[in-house]
């Protein structure tokens, strides 16, 4: 492979990675992922846990599903979601560790405008 094709392939990879990061870059989506890390859950359970409107949660679940971050399965009349890949949990935990790190001197501040009472 010549240098030009190699650079073009890397650029394409970065676009795909940026799209995934963009999808993960919303606080509600991260909170949904946090709920799904502990166990698969139906939409109703997710929006009740988060205290958000069902339409809001459903919209964010569609975004996560479209990027392959979550998968869903019908259980009777309910749609149940789970993380599609264990690596998502690792990415989430690494991001959380970085965000909470005392070494993070980049001025990143937690936005607590969306409060949750997740079970520990």
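Numbering (UniProt numbering), first residue to last: 1 to 120. We put the beta carbon where it would ideally sit given N, CA and C, even for glycine.
Pull up the distance between the alpha-carbon of residue i and that of residue j, whole angstroms please.
i	j	result
residue 75	residue 4	49 Å
residue 23	residue 2	32 Å
residue 81	residue 96	22 Å
residue 40	residue 101	28 Å
residue 153	residue 21	Here the chain has residues from 1 to 120 only, and residue 153 is not among them.
residue 65	residue 33	11 Å
residue 84	residue 68	7 Å
residue 78	residue 27	24 Å
residue 87	residue 38	14 Å
Drop a sphere of 10 angstroms on the beta-carbon of residue i, count the other beta-carbons inside from all chains shown, and report buried for 16 or more, exposed for fewer.
i	result
residue 36	buried
residue 90	exposed
residue 70	buried
residue 31	buried
residue 60	buried
residue 46	buried
residue 7	exposed
residue 29	buried
Helix, strand or coil for residue i? Go by DSSP, reduced to three states.
i	result
residue 77	coil
residue 41	strand
residue 26	coil
residue 13	helix
residue 52	coil
residue 97	helix
Identify every residue that forms a DSSP beta bridge with residue i.
i	result
residue 83	70
Say yes only if the C-beta of residue i is nearer than 7 Å to one or more non-hydrogen atoms of the ligand MN, and no if none qualify.
i	result
residue 61	Among the components of this structure there are no ligands whatsoever, and the ligand MN is therefore not found.
Three CB pairs or more closer than 8 Å across the region 48 to 57 and the region 7 to 15
Contact annotation: the region 48 to 57 does not touch the region 7 to 15, with fewer than three C-beta pairs closer than 8 Å.
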